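First residue of the sequence shown: 2, per this note's numbering; consecutive thereafter.
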Amino acid sequence: MKLTVIGGTGRIGSQVVRKLTAAGHEAVPAAMSTGVDLISGQGLDQALEGAQVVVDLANSPTFDEASLEFFRTSMRNLLAAGQNAGVGHQVVLSIVGVDRVPQLDYYRAKTLQEDLLRQGPTPYSIVRVTQFFEFMDAVLSWTSDGDTVRLPATPIQPIAAADVVDAVVEVATGDPLGGIRNVAGPDVFTLDELGRLTLAARHDDRTVVTDDTAGMFAAVPGDVLTAGPDARLAPTHYREWLRNTH
């Protein structure tokens, strides 16, 4: 099977390409570095030529209001190019609970992307995943001030990037879902608890202070970022991952 992986040189995309190739598929990475511009459409037709499946892992360069226009334009261009190329399955990677956090520009933008995909001409699948283990460094840096890190007690159910790759590959090589598959890590933490675990594992002396107004995730109500009963649970536990990576 030939699959074009949009964003195929990034953190998740490069691993998806490797895994698809190892399984005997023809996986074509498409990104700015390979001459594909999702916003102008340049190089899209060539990248999608002969592809049966498109896997969209591209991300907006910003998380602010500009992300709305990025996903609106890129999704429209991708759907049009896919239709022209005769693509039979469009797959998008999204976020668990994304449509329940309209306070965040980026989440509204990803919800718009999903809506455009649903309304598009091609059979589709949406893979929603929870926050990546690998993003904890960035989360800690957002609200770090000297010896203190302020984090809200927002419940999250983080997942290893490698498990996200497996979920994307499984859906991309199967029949279109015509809907959403939710995939999450096996454990629920509050974000402040996760921060303490992470710093302790790294022998980092900073102190985590619980502050429900701190950082992007302060805007998230209740437990909307945790998976519901229909979710597939990935195998990798955060504590185990921490032990193996630090």
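Just so you know, even glycine gets a beta-carbon here, dropped at the ideal spot from N, CA and C.
This structure is a prediction, so every number in the text was calculated from the model and none was measured.
Residue i versus residue j - alpha carbon distance
{"i": "Val77", "j": "Thr131", "result": "Here the sequence assigns Arg to residue 77, which means Val is not the residue at that position. Approximately 25 Å, taken between the alpha carbons."}
{"i": "His204", "j": "Thr211", "result": "19 Å"}
{"i": "His90", "j": "Thr155", "result": "35 Å"}
{"i": "Tyr125", "j": "Ile181", "result": "9 Å"}
{"i": "Thr112", "j": "Gly44", "result": "26 Å"}
{"i": "Arg244", "j": "Ile13", "result": "22 Å"}
{"i": "Glu194", "j": "Ala139", "result": "16 Å"}
{"i": "Glu50", "j": "Phe190", "result": "44 Å"}
{"i": "Glu115", "j": "Gly87", "result": "20 Å"}
{"i": "Thr5", "j": "Val169", "result": "13 Å"}
{"i": "Gln48", "j": "Trp242", "result": "First, the residue type needs correcting, since residue 48 is Ala and not Gln in the sequence shown. Cα to Cα, the separation comes out at about 35 Å."}
{"i": "Gln120", "j": "Arg197", "result": "43 Å"}
Integer-rounded CB distance, given that residue j should sit under 8 Å from residue i
{"i": "Thr149", "j": "Ala215", "result": "With 8 Å as the limit, Thr149 and Ala215 do not qualify as a contact, their Cβ atoms being about 10 Å apart."}
{"i": "Gly186", "j": "Thr237", "result": "7 Å"}
{"i": "Leu152", "j": "Leu192", "result": "5 Å"}
{"i": "Ile7", "j": "Ala24", "result": "Actually they are not in contact, since the Cβ atoms of Ile7 and Ala24 sit about 19 Å apart, beyond 8 Å."}
{"i": "Val54", "j": "Met2", "result": "7 Å"}
{"i": "Asn183", "j": "Arg129", "result": "5 Å"}
{"i": "Tyr107", "j": "Phe134", "result": "With 8 Å as the limit, Tyr107 and Phe134 do not qualify as a contact, their Cβ atoms being about 19 Å apart."}
{"i": "Leu69", "j": "Ala220", "result": "Incorrect: roughly 16 Å between the Cβ atoms, too far for contact."}
Residue span of the alpha helix (DSSP H) that contains residue i, given as start and end
{"i": "Thr22", "result": "Arg12 to Ala23"}
{"i": "Thr74", "result": "Ala67 to Ala86"}
Helix, strand or coil at residue i according to DSSP, with G and I counted as helix
{"i": "Leu152", "result": "strand"}
{"i": "Asp146", "result": "strand"}
{"i": "Ser61", "result": "coil"}
{"i": "Gln120", "result": "helix"}
{"i": "Leu198", "result": "helix"}
{"i": "Ser34", "result": "helix"}
{"i": "Leu234", "result": "strand"}
{"i": "Gln91", "result": "strand"}
{"i": "Val130", "result": "strand"}
Unbroken beta strand (DSSP E) run spanning residue i, endpoints
{"i": "Val55", "result": "Val54 to Asp57"}
{"i": "Thr246", "result": "Per DSSP, Thr246 belongs to no beta strand (DSSP E); it is in the alpha helix (DSSP H), Tyr239 to Thr246."}
{"i": "Ala31", "result": "Glu27 to Ala31"}
{"i": "Arg182", "result": "Ile181 to Ala185"}
> Touching or not, the stretch 3 to 17 and the stretch 58 to 66, by the rule of three or more beta carbon pairs under 8 Å?
Replying inline: They touch, by the three-pair rule.
>> Pairs of beta-carbons, one from the stretch 156 to 176 and one from the stretch 218 to 230, closer than 8 Å: are there three or more?
In response: Taking 8 Å as the limit for Cβ pairs, the verdict is that the stretch 218 to 230 does touch the stretch 156 to 176.
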